[in-house]
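Read through the structure below, which is laid out as structure tokens, and then see the notes.
Numbering (full-length UniProt numbering), first residue to last: 1 to 419.
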């Protein structure tokens, strides 16, 4: 017990000043910091003692509360998982999530090499990790005709847990021929709910995304979007689409697949809660590819998205903003009663990210249609935009300035016409 306390105390005293200087290689040899030498064995001892009982709290992201895969240091001095803090910043926040102190307009994210190395060693030294089954054994359980549904569910659950944070295990899994077995499980109504999170894990690595599409993942996932066993299954299926669409070439492939975009629009129309949110997110990811915007409009996305926005689904505003970039989208919005009114309501009551996209959509629409610009003026878009000029989010300020310029230009043109 005394040894454990000594190691923990030494680790906590050293980890913070070492954060910016320690690399992964340093954990394999003595580390010098000032007049202190931290032997590599101390790092190893700390890990073994900590992991014998629990996952160290400092390995978890303060935002997601999950073990960090890419820890980075914010200017406030606190460490977060890169994906979590990036989402926080992308949402327009410019304060530290922990201290609430202001951040620079363009916060830098510094890799925490020391902590990343410790987390990497955690997966190697953890007793749980050392005793795991080989993926081949678990895959054979999935493919064996003699395996019961319960045993397959156990195998899928085990594989999902092991693959969640370990990219090397995910590679081993793919190399072991797991994908066809997982896809077969996705097709099975009894296994679908357990298999889909595993399939989602397999899409996490960018270098695997194109290969997964080539192996037929899209067809199986679209089938779940259309006829999923539960709303949760459809939500995870939509999340898989979002993950695959990170790679540009996949956006075109998925968008061209029959019923893919239509299935997402159908969920937005008929789904509830999380599945609608995930469907909107997937549609947003796909529609960064221009051809998919037209496909979404043809599937009737615009009026359905506006109804969702009017009911509080702000994620739909982001998709509307993207669809407003194409002529077909703007034409459809012009024909939807209440479109401008709904977007103006977001300006007054929406989140920072929602306001950003509502401003962008309104600017596109008012440039396209003189009539929509008049409606925007009547709905108070100009006054709302003026109030956003000093917003803390740079993109909101920029989009507000653009909309003000368009509306004032349109108003001046009206005066010239009257005279």
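Ideal Cβ placement from N, Cα and C applies to all residues, glycine included.
Item: Sub-8 Å separation of residue 141 and residue 197 beta-carbons; Value: no
Item: Residue environment, residue 235, which counts as buried when at least 16 other CB atoms sit within 10 Å; Value: buried
Item: Beta-carbon proximity list for residue 157, same chain, < 8 Å, skipping 5 on both sides; Value: 194
Item: As assigned by DSSP and simplified to three states, the class of residue 79; Value: strand
Item: Cβ contact (3+ pairs, closer than 8 Å) linking the stretch 305-314 and the stretch 332-343; Value: yes
Item: Residue 242, DSSP secondary structure in three states; Value: helix
Item: Beta-carbon proximity list for residue 279, same chain, < 7 Å, skipping 5 on both sides; Value: 238, 264, 267, 268 and 271
Item: Residue 95 in three-state terms, based on DSSP; Value: strand
Item: Beta-carbon gap between residue 388 and residue 363 smaller than 8 Å; Value: no
Item: Where residue 71 sits in the DSSP three-state scheme; Value: strand
Item: Under 8 Å between C-beta atoms of residue 244 and residue 217; Value: yes
Item: Residues bridged to residue 110 [DSSP beta-bridge criterion]; Value: 73
Item: Assigned secondary structure, residue 102 (DSSP; H/G/I helix, E/B strand, else coil); Value: strand
Item: Three-pair Cβ contact test at 8 Å for the stretch 177-193 versus the stretch 218-230; Value: yes
Item: Inter-residue spacing [alpha-carbon to alpha-carbon] between residue 240 and residue 221; Value: 8 Å
Item: 8 Å Cβ cutoff met for residue 276 and residue 323; Value: no
Item: Reference residue 65, options 89, 76, 400 and 83, closest by Cα; Value: 83
Item: Through-space distance from residue 88 to residue 75, alpha-carbon basis; Value: 14 Å
Item: Same chain, Cβ closer than 6 Å to residue 274, neighbours up to 5 away in sequence not counted; Value: 235
Item: Burial state of residue 146 (16 or more Cβ within 10 Å); Value: exposed
Item: Length of the line joining the Cα atoms of residue 356 and residue 281; Value: 16 Å
Item: Extent of the continuous alpha helix (DSSP H) run through residue 143; Value: 135-143
Item: Which of helix, strand or coil DSSP assigns to residue 60; Value: strand
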